[in-house]
Structures are given as C-alpha cells and as structure tokens.
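K.L.:
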Amino acid sequence: MFMEHPIHRSLRQPTDIGNIDFVSVLDSFDDGVIIADCQGKILYYNHAQAVIDDLDRTRVIGRKVTDIYQLSGETSLIMHCIRTRSAIRHRTFFYKTVNGKIAHTIHSVFPLLEGEQIVGAICFVRDYKLLKEQTPHSLSSEEKPQKLNGTRYTFADMIGDNPEMVRSISTAKGAAESKSPVLLIGETGTGKELFAQSIHNHSSRKDKKYVAINCAAIPNDLLEGLLFGTVKGAFTGAIDRPGLFERANGSTLFLDELLAMPLPLQAKLLRVLQEKKVSRLGAEKEIEFDIKIISSVSKPPRDAIRDGELRTDLFYRLGVVMVKIPSLRQRKDDIPSLVSHFLRRLNGNFGTQVQDVSPEVMELFSGYSWPGNIRELEHLLEGAMNIVGLSETIELRHFSAAFETLNVLGDEPLPPVFPAPSPPSIGQHDPGTPEPQPSSGFSSNLQAEHNILEKTALQRALHETGGNVSRAASLLGISRQLLNYKMKKHGLDRKVFE
Numbered sequence: 097m098f099m100e101h102p103i104h105r106s107l108r109q110p111t112d113i114g115n116i117d118f119v120s121v122l123d124s125f126d127d128g129v130i131i132a133d134c135q136g137k138i139l140y141y142n143h144a145q146a147v148i149d150d151l152d153r154t155r156v157i158g159r160k161v162t163d164i165y166q167l168s169g170e171t172s173l174i175m176h177c178i179r180t181r182s183a184i185r186h187r188t189f190f191y192k193t194v195n196g197k198i199a200h201t202i203h204s205v206f207p208l209l210e211g212e213q214i215v216g217a218i219c220f221v222r223d224y225k226l227l228k229e230q231t232p233h234s235l236s237s238e239e240k241p242q243k244l245n246g247t248r249y250t251f252a253d254m255i256g257d258n259p260e261m262v263r264s265i266s267t268a269k270g271a272a273e274s275k276s277p278v279l280l281i282g283e284t285g286t287g288k289e290l291f292a293q294s295i296h297n298h299s300s301r302k303d304k305k306y307v308a309i310n311c312a313a314i315p316n317d318l319l320e321g322l323l324f325g326t327v328k329g330a331f332t333g334a335i336d337r338p339g340l341f342e343r344a345n346g347s348t349l350f351l352d353e354l355l356a357m358p359l360p361l362q363a364k365l366l367r368v369l370q371e372k373k374v375s376r377l378g379a380e381k382e383i384e385f386d387i388k389i390i391s392s393v394s395k396p397p398r399d400a401i402r403d404g405e406l407r408t409d410l411f412y413r414l415g416v417v418m419v420k421i422p423s424l425r426q427r428k429d430d431i432p433s434l435v436s437h438f439l440r441r442l443n444g445n446f447g448t449q450v451q452d453v454s455p456e457v458m459e460l461f462s463g464y465s466w467p468g469n470i471r472e473l474e475h476l477l478e479g480a481m482n483i484v485g486l487s488e489t490i491e492l493r494h495f496s497a498a499f500e501t502l503n504v505l506g507d508e509p510l511p512p513v514f515p516a517p518s519p520p521s522i523g524q525h526d527p528g529t530p531e532p533q534p535s536s537g538f539s540s541n542l543q544a545e546h547n548i549l550e551k552t553a554l555q556r557a558l559h560e561t562g563g564n565v566s567r568a569a570s571l572l573g574i575s576r577q578l579l580n581y582k583m584k585k586h587g588l589d590r591k592v593f594e
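Each position in the sequence shown, counted from 1, maps to that position plus 96 in the working numbering.
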C-alpha cells in the first residue's frame, strides 16, 4: 500500500510546509532551493536563493515562478520539469528576476510525484560565479598556451574551407617562419588577433611571451611611453618602466589598429624599427632588440595612405608580408561551419543542447552582409542562446525583432543563391523541373519569387548530378552543409534524383 509522505500533504496544503522537519535543513543550505506545486506556484524558497536573486522571501512565496522570473512556461526549467515529468541535472542557466537582476546559475530540478501523479518540483540552484571562485582551477591542454605565453589561439582554431581564407592561412604560416614584419589587413571582426597569435605560435618564438597592444585603446599621450618605456623624471608622474619593445625582446609584438597611431609617433616608430634600437623616454641609453613585428589595419593600406592615416615609409617597413583576411560576406560558404563551432562553444558556456539553427535562420545568414563580420555572428548567436530555453534549434523568433526585420541585402534585390553564369548543363531548360513563372503585377512577393528560383536551381543541380549532394553543391557554388540546409527548407530528398 502506498505510504503518503508529508511533502505530498504540504504540496496540497502549502501553508503547512513549515512543519516538516527538513525545512530547517533546507534553510541552512548554501545552495538555493525552490519548491513549486504542479501549477508553478512557489511553496518554499530558502535564504540562499533569496541572496542569489536579491529578493525578499516573503514576497516570493505563493507567487508563480513565471511571475518571479522573466521566463515563460516554455523556458522555465521548473515548468519544463513539471510538464515532462523528467529531471534536469546540472544545467547552466541564465535568467532575469522580476527586479531586473541577471543570474548565472547551475540548476538541478526534480519532479515530485504522488504515485503516478505529478504534484510539483524541487529545484536546487548554485551561483555559478561563486562556484567558479571556490573550485580549484586546473589547466586544460587548451588553456595552457594562454598561461605559458599569453595566447589563446593557433592555426588549428581557424574554421572554414573558403579558398580565400585557406590562402590567407597559408600565407600567414609561411610568414611565421621568417623574421620579416607581417601586416594583417582585414575589417573589424574578421579575426586579426587570432591570426597574430597563430603566427606567433607557429614560429620559433612560441615559447616566449606574446606581447600585444591595441593602439586605438590607448590615449595618444600615453602610447609613446607604453611602446618605448619611461624613466623617472621624464615628465610629471613618470616612473622607471620598460616599454613593450623591451618586454617583447626575443618574441613577438602585435601592433593592433595601427591607423589609430598619430603620424608623428609613426615617424618615431619607423626610426626604432630601422635602427633595431629603442631608448626610453627621458633616457639616452639605447637598447637593442630582436622582435617579430605584426601589425594590423582595418582598411586597404593605399586608402589609409591617401587619407593621411598611414605613412608611406612605415607601410613599406611593416608591409613586407601582407596577409589579407577575407570578410565574412566574402566567405559565406564558411557560415555553416562557423555556426556549428560557436554553438558547440556556447552550449558549454550556457549548459544548453542547441544542435542547429533552422533553415530560415541559415537563409537569413547567407543573405546578410555582415558588417561586423565573425564577431557579429558570434554575438548574434550568443544573444539567441540567452532566450532559446530548452529548444534544440535556434529559430528566427529567438533573435531580436530588429534583426528579424532587416533587409538582409540592404537596398539591393535578393540575388539567386547560385553563381552566375551557371554551368551550361544547369542553365539549359530541363522539362523535368518547373520553370519559374513571371510575376503579375506589383503585389507579388519578392521573397516568394526568390524561393521559387532557388528551389528550381537546387532541383536542376540535383537532377544533373543524380542526387550527389557534394557535386550539386560544387555546381551551385555553395558548401555541402549549406545545400543540405536549403534542401531541408524546400523539402527536397536527394533520393528522388538518383
């Protein structure tokens, strides 16, 4: 015969929960504890949880979890546990309370059953930041390079098979073997720091400390002292301090955002590089150095010279080897691989199990111009991960309304997703595939017409290649993964074309 546990009576009669013996134990927990009934009404809320949420316990008990936290019935872990009758263990979770506090926690939620009936859930919550501070940190093999030489990235961390990107990586690897200066040319967000660190780690200097400075982040009047060093008394407040050239001796110095450096300081930098000697501000003694110089600019050097942002002679000195990093809009075939990479990493950070983005999202990504490049893609996905909840697929609704309504190609019409001109065999009419019909009137939907053209192109390519996805992707000029997305979007099965 089933023996009724006191918690079951308390769940039916919330006001009696204080009479249960273990309440005093729960009150003394360092972890937060929440007990809710099957409707999501909070029956118990301990002191530790009140500290995590920065809320008054007396104003929480009796209210629904969806009222206390800015979560829906779909995104609340407690409500998900109640709905599915399944436990959730060690889930990293971000949420916002009713008073606006954002918490980063680890949740474990368990269903409370009375026989076969779900009567509520109990949730244990740990403050992620506090747990991280209290846990001894052991270095993983991935983290060790950062500890040893100040870097995080190697060429192995670079994602993508785009020909331009592959060419850039090959050039950078070759440049790493020599002492010649390297100039990285790429828009903001393309990964210039990743290239610089990878070059260092591919060189014979990889065991030495990597030194970097963002010239745009330092006030002009401080930049010279940071680069060359100072001696006490050189100016008011000056102290004896080595500059970055001294600190990087025998290693690599990365001058990021070089165009932010004033022209007079560029002239001084040129002299230092020519002489391979540096003297601290206020000192006469010159110090020799052996440094691999890597610098970066965010616009074509010729344009920067024309605009008065870069000295011609300094360009010739620093641009011995130039590595042009393609923008994301120039390597859109790498977007699926980049999305998969970021989702894996973000799943680890958020404790989620997001597997993919929807075909509609991938379509939007492939058409967007990406002014912020890879950094924008990463930030966009991170934003979606904050609200994706328990879903395994990121949908358009998980992005901000502003991004959803973007005209992904600005003022230009939507282009076909296949290159022009197409191979003759694809361009010729195939009676087995439908021809897009011309629009009638101005009321036709441009996106719908684009979808018809796209589906037709996919059908022709698959028909031409006998359903071979790799060959069809090659004919269309897109990656295999992107073709799979588009086939899924249009409901196409390669077996039909075999």
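Think of the CB as a built atom: it goes at the ideal place given N, C-alpha and C, for glycine as much as any other residue. Values in this document were obtained by computation on a predicted structure and should not be read as measured data.
Could you check if I309 is buried or exposed, using at least 16 other CB atoms within 10 Å of its CB as the buried criterion?
P.N.:
buried
K.L.:
Under three-state DSSP, which class holds K584?
P.N.:
helix
K.L.:
Which term fits Y464, buried or exposed, when burial requires 16 or more other beta carbons within 10 angstroms of its beta carbon?
P.N.:
Classification of Y464: buried, given that the 10 Å Cβ count is 16 or more.
K.L.:
As an exercise, report each continuous beta strand (DSSP E) stretch of at least 3 residues that is fully enclosed by the stretch 393–454, in chain order.
P.N.:
417–420
K.L.:
Any idea what DSSP makes of R219, helix, strand or coil?
P.N.:
One point to set straight first is that residue 219 is Cys, not Arg, in the sequence displayed. Secondary structure of C219 (DSSP, three-state): strand.
K.L.:
Return the residue from the list T284, E283, Q293, G282 that minimises the CA-CA distance to A271.
P.N.:
Q293
K.L.:
Can the beta-carbon of R222 be found less than 8 Å from the beta-carbon of D127?
P.N.:
In this structure, D127 lies closer than 8 Å to R222 by Cβ.
K.L.:
In three-state DSSP terms, what is S575?
P.N.:
coil
K.L.:
Is DSSP giving D253 helix, strand or coil here?
P.N.:
helix
K.L.:
Pull up the distance between the alpha-carbon of N258 and that of A557, whole angstroms please.
P.N.:
21 Å
K.L.:
Could you tell me which whole alpha helix (DSSP H) segments of length 4 or greater appear in the stretch 323–389?
P.N.:
340–343, 359–371
K.L.:
Would you kindly report the start and end of the unbroken beta strand (DSSP E) that includes S204?
P.N.:
198–210
K.L.:
From D152 to K197, what distance separates their C-alpha atoms?
P.N.:
13 Å
K.L.:
Is DSSP giving V129 helix, strand or coil here?
P.N.:
The answer is strand: DSSP assigns V129 an E or B state.
K.L.:
How is the beta strand (DSSP E) around K192 delimited, first residue to last?
P.N.:
Run containing K192: 184–192, per the beta strand (DSSP E) assignment.
K.L.:
Using 8 Å as the threshold, is the stretch 299–317 in touch with the stretch 349–367, meaning 3 or more CB pairs across them?
P.N.:
yes
K.L.:
To the nearest angstrom, how far is it from the Cα of F190 to the Cα of I130?
P.N.:
16 Å
K.L.:
Between the stretch 267–282 and the stretch 383–403, are three or more C-beta pairs nearer than 8 Å?
P.N.:
yes
K.L.:
Any contact between the stretch 442–458 and the stretch 145–163? By contact I mean 3 or more CB pairs, one from each, below 8 Å.
P.N.:
With fewer than three CB-CB distances shorter than 8 Å, the stretch 442–458 does not count as touching the stretch 145–163.
K.L.:
DSSP three-state call for I314: helix, strand or coil?
P.N.:
coil
K.L.:
Output yes or no for whether 8 Å exceeds the beta carbon distance between N580 and V565.
P.N.:
yes
K.L.:
In angstroms with no decimal places, state the Cα-to-Cα distance between P338 and T326.
P.N.:
Cα to Cα, P338 sits roughly 7 Å from T326.
K.L.:
How big is the Cα-Cα spacing for D403 and L361?
P.N.:
17 Å
K.L.:
Would you identify the three-state DSSP class for K551, choosing helix, strand or coil?
P.N.:
helix
K.L.:
State the Cα-Cα distance for the pair E371 and D430, rounded to the nearest angstrom.
P.N.:
Between E371 and D430, the alpha-carbon positions lie close to 43 Å from each other.
K.L.:
Pairs of beta-carbons, one from the stretch 279–294 and one from the stretch 414–422, closer than 8 Å: are there three or more?
P.N.:
yes
K.L.:
Suppose the cutoff is 6 Å on Cβ atoms and the five residues either side in sequence are ignored; what does the same chain contact list for K584 look like?
P.N.:
P455
K.L.:
Is I421 near the ligand ADP, in the sense that its beta carbon is under 7 Å from a heavy atom of that ligand?
P.N.:
Inclusion of the ligand ADP in the displayed structure is not the case, the ligand content being empty and no account of it being possible.
K.L.:
If distances are taken between C-alpha atoms only, which option among G329, S462, V147, T408 comes closest to P432?
P.N.:
Taking only the C-alpha atoms, the option nearest P432 is S462.
K.L.:
Can you say whether N195 is buried or exposed, counting buried as having 16 or more other CB atoms within 10 angstroms of its CB?
P.N.:
exposed
K.L.:
Sort out for me which residues DSSP pairs Q213 with in a bridge.
P.N.:
E210
K.L.:
Going by C-alpha to C-alpha distance, which of H494, H475, L414 sits closest to L365?
P.N.:
L414
K.L.:
Indicate the three-state DSSP secondary structure (helix, strand or coil) for T489 in the structure shown.
P.N.:
strand
K.L.:
Please report how far the alpha carbon of Q135 lies from the alpha carbon of G169, in whole angstroms.
P.N.:
10 Å
K.L.:
Opposite A557 in the DSSP bridges: which residues?
P.N.:
In DSSP, A557 forms no bridge with anything.
K.L.:
So which of G479, L486, N245, V417 has the shortest CA-CA distance to V450?
P.N.:
L486
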